[in-house]
Structure formats: C-alpha cells, structure tokens
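Only one structure is covered here, and it is reproduced in the block below.
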Amino acid sequence: MRHHTFAPTPPMGWNSWDCYGAAVREEEIRGNADYMAKHLKDYGWEYVVVDIQWYEPGAVSSQYRPFVPLEMDEFSRLMPAVNRFPSAADGKGFKPLADYVHSLGLKFGIHIMRGIPRQAAHAATPILGTSATARDIAHPNSICPWNTDMYGVDASKEGAQEYYDSLFQLYAEWGVDFVKVDDIAASRLYDAHLDEIAMIRKAIDKCGRDMVLSLSPGPAPLEYEQQFTEGANMWRMTDDFWDLWHLLYGMFERCEKWAPYVKEGSWPDCDMLPLGHLGIRSVDGGGADRWTRFTKDEQVTMMSLWSIFRSPLMFGGEMRDNDDWTLSLLTNEEVLHLHRTGRDARQLYREGDRVVWVSGSEDGDTYVGLFNTGDEPAEVSVTLEQLGLSGAGVKARDLWQREDLGTVGEKLSKQLRPHASMLVKLTV
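In short: position in the sequence shown from 1, add 764, done, that's the working numbering.
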C-alpha cells in the first residue's frame, strides 16, 4: 500500500490540543514551529499540527460553542477563521502558514471532523465537481455526540466522494502533510465509520500530495485492524489521554493487544504526550493551566512505553515553555533510535505490578523495558533465557541514564520506585 510509505517510521510532532484546545492562534503555531525547528528537528520531530475548530472564529477553550456560524467557502469547505489566522485572509486558507512551516524544514498538519458542515447541509450549498449539494449528501442521523459542527457523509449518495475529493484537493493546494480526522475511528454512537475512512483514503490518493492520515478518537476496535491498516497511517487505541496515572496504567493493556499489528507505515496510536506546560486554554482532562501532573518517574515510564511499542509521538505542551527536563525527554537519541528501529515489540510478561517488554532491532540489539506499575517499590527482573539470549558477554546499557551497566549475568534486575521504569539495550 503506497500510503504506508508516507510514514515509514512512527510520526513525531506537536499538536495544539493539550495546551490550546480549540482556540489556538496563528502566532502560537508559528512560535511552536520556530521552537521545533531550533531544538527538536535534528532529533526527528517534524509535524506541526493545528487541532480542532480552526474554522470557529469565537473558539475560546476546549469547550465547544454549539451551533455557531463557521468560516466556510462557496463549496461547503471549512476555512481558517481569519481573526485567529490572519494570513488566511483573501481566501488563502492555510497555504501561507504551511509555507512558513515548510520554510523551517518541517511539515504542516491539520485536524478535521469527519463529514460536512451542518450549516452547508441546511443551506444546500454547492459541492465542487458535482451537481449535488451539501444537503444531498449529508447524513443527518450521523452526528458527533460531543461536537455540533458536522453531519456525516452518506457514502451511497452521488456527490459524496466528490465532496471529500474537493476537500483534500484544497488541502493539497494549501500544502498539508498530515490530517487528523476525528469522530471516525470509534464513536460513542455508531462504531467505526468505515465508509468515510474509505472515501478519505480515495481522496488522499487522488489529490496528488502525500498526506499522513491519523484517525481519532479511540479506543479503535481491534476487529477493524485490517480496515485501519488499509485506510490510514495511525489510529487511536484510546480516548483522549491525559496526565493521569490511571490512564497511563491502562495503556499497558492496550499496547499488549495492539502490539502484533505495529508495522511499517501503520501505527496504532497511544495518543499525545501530555508533558510540559498544559491547559493554557484547554480545560479537558480534569485540569486547567498547569504543568504536567505526571511525576518525573511517570513521564519516563510513558516515554519508555510509547517508544518501545513504537507509538507515534505527538507532544502536547506549549514547547516554548519547556524546561531542561522536558526537553531532555524529547532529545534522547538512544531512546529515539529504539523508537525508529525497534522490531516486533511485545509484552514478555506481566506479574502483578511487574511488567516487562522486549523489542528487537534492525541493528541486532535487544531492548528491554522494566516497569513497576504498582504504588510500592518493587524489584523487576528478567532472565537472559526468557529473552532468548545465551552465553557470556551480554552487555547492558541504560538508555535514560546514558550509561553502560557492564556484563549481565543470568538476569537483568532493577529495584524500581512506584510507577518507575528502566529502558535497557542488550548487546551480544
């Protein structure tokens, strides 16, 4: 599948949702892009993604204003709100902003809701490339339970594919490299929207520009793994993930289930990294303006699990406020090398609060993640026999501490604080 070549390794970038909700502004996108270009690009971070409701002039937080007028062109396509994105004036859309991001050597992404604007359906506005109108293709009984912007698109109607084709043709003209489509991988009302995933796949394939396709929210149903792989590059295994330990604890089970389906170009997605300065204009996740509620041990555990599992890495905080600690989590070349080159990761065992993950590597090394998911200190260990390694001379290196641990005897063992972890590279 050609679209798998668009993301041969798990995508890495920044998304505006965790810090700005639906209300991000152009200067904040540009500022975070500047930071990424200066501090993170050399480590593989490349996507700058504008999250939900960039077309809503009055958006103020992550709480949506229902049934408000949205910015839209004459062909039923939503456009950036010019009061928030001044460079979009005169019908330019996101092209000037995308051009700026590209000038930094980075890639530009946007979030959209599946479907067609309700206001377009109510007004029966035209669709480019067909005589059908928005009203003709709208599916009024296919709605999002948490956002009032859109109706679903009825794939059986003439003009449905043309609408999505026109949408992605516009995005190609803007220079979009990444599209996160919401209310599609899982729905509280309707299950996965497989017909719309298929229409979007066709539209991207026709548009003439490589675009990574990300599907949200989750938990994406495991039984549709084949359709997700055939349609997209990444899909959410979870509903919105926030800086709460019980959500991180639950991710171990999700990763165990999805690990067999991680493959080049198609990536089950653990969701964003709620690190650094969060909640500036986002009130989701049970908190407002704050620094991440995860302890340092929990932050390392999250980064270790996401990296050995090979989830996409999308940073959620306001990057310009990063302290040295937060930046260090994003710039560890040895951990990111595992993330890029790991192979066939799996949970080796889980005994109570002790969890061990193992991954191969294209370099022939073996990577091991030791995790204490309990609330008390615990020793977590794994034998070389369990790892399929034998003989003397197996050398260990602690990736987060960046230090050699010497030769391993019969087993690797570590006393870990509550919610703490250790990521080790073993070389024969």
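Beta carbons: idealized from backbone N, C-alpha and C, even for Gly.
Exposed is the label assigned to Thr769, since fewer than 16 other Cβ atoms lie within 10 Å of its Cβ.
Taken through DSSP and simplified to helix, strand or coil, Pro850 comes out as helix. The three-state secondary structure of Asn796, taken from DSSP, is helix. Under the rule that a run must span 4 or more residues, the alpha helix (DSSP H) segments found entirely inside the segment 913-979 read 924-938, 958-971. Looking at the DSSP output, His903 shares a beta bridge with Gly916. Closest in alpha carbon position to Val1064, among Asn1136, Lys871, Gly1049, is Asn1136. For Glu1143, the closest of Lys1178, Trp1006, Thr897 by C-alpha to C-alpha distance is Lys1178. The beta carbons of Thr912 and Pro821 sit about 15 Å from each other, so the pair does not count as a contact at 8 Å. Taking C-alpha positions only, Thr1105 is separated from Asp959 by approximately 33 Å.
According to the DSSP secondary-structure assignment, Gly777 is paired through a beta bridge with Tyr811, Met1078.
When the five nearest sequence neighbours on each side are left out, the beta carbons in the same chain lying within less than 7 Å of the beta carbon of Ser1071 are those of Val1099, Leu1102, His1103, in order along the chain. Contact between the segment 830-846 and the segment 878-898 is present: 3 or more CB-CB pairs across the two stretches fall below 8 Å. For Thr897, there is no enclosing beta strand (DSSP E), as DSSP marks it with neither H nor E.
Burial is judged here by how many other beta carbons sit within 10 angstroms of a residue's own beta carbon; Glu1082 has at least 16 and is buried.
Contact between Glu790 and Arg841 is ruled out by a C-beta separation of about 19 Å, above the 8 Å threshold. The C-beta distance from Trp778 to Met1078 rounds to 7 Å, short enough to meet the 8 Å contact threshold. For the set Gly995, Lys802, Tyr988, Leu1008, the Cα lying nearest the Cα of Ser978 is the one of Gly995. Per DSSP, the unbroken beta strand (DSSP E) holding Trp999 starts and ends at 998-1000.
Using a Cβ-Cβ distance cut-off of 8 Å, the segment 859-877 and the segment 810-820 are in contact, since at least three pairs of beta carbons, one from each stretch, lie closer than that value. Under the DSSP assignment, Met1066 falls in the alpha helix (DSSP H) whose first and last residues are 1060-1073.
Burial is judged here by how many other beta carbons sit within 10 angstroms of a residue's own beta carbon; Asp918 has at least 16 and is buried. When the beta-carbon positions are compared, Tyr784 and Ile961 stay at least 8 Å from each other. In this structure, the beta-carbon distance from Ala1156 to Val1188 does not fall below 8 Å.
A distance below 7 Å between beta-carbons, with the five flanking residues on each side excluded, links Asn1086 to the following residues of its chain, in chain order: Gly1040. Cβ neighbours of Lys859 within its own chain (closer than 8 Å, five residues either side excluded): Glu937, Trp938, Gly939. Going by DSSP, Gly1170 is part of the beta strand (DSSP E) stretching over 1167-1171. In the structure shown, Met1083 falls within a helical segment according to DSSP collapsed to helix, strand and coil. Looking at the DSSP output, Trp1055 sits in a beta bridge with His1041. Residue environment: His957 is assigned as buried (16 or more neighbouring CB atoms within 10 Å of its CB, all protein chains considered). Of all C-beta pairs linking the segment 1110-1125 to the segment 1014-1025, three or more are shorter than 8 Å, placing the two stretches in contact. Setting aside the 5 residues that flank it on each side, Met843 is surrounded in the same chain by Tyr819, Glu835, Met836, Asp837, Ala852, Gly855, Gly857, each with a C-beta closer than 8 Å to its C-beta; the list follows chain order. Non-local beta-carbon contacts of Tyr954 in its own chain, meaning distances under 7 Å to residues more than five positions away in sequence, involve Ser906 in chain order. Excluding sequence positions up to five before and after Thr894, its CB lies within less than 6 Å of the CB of Gly923, Glu926, all in the same chain and listed in chain order.
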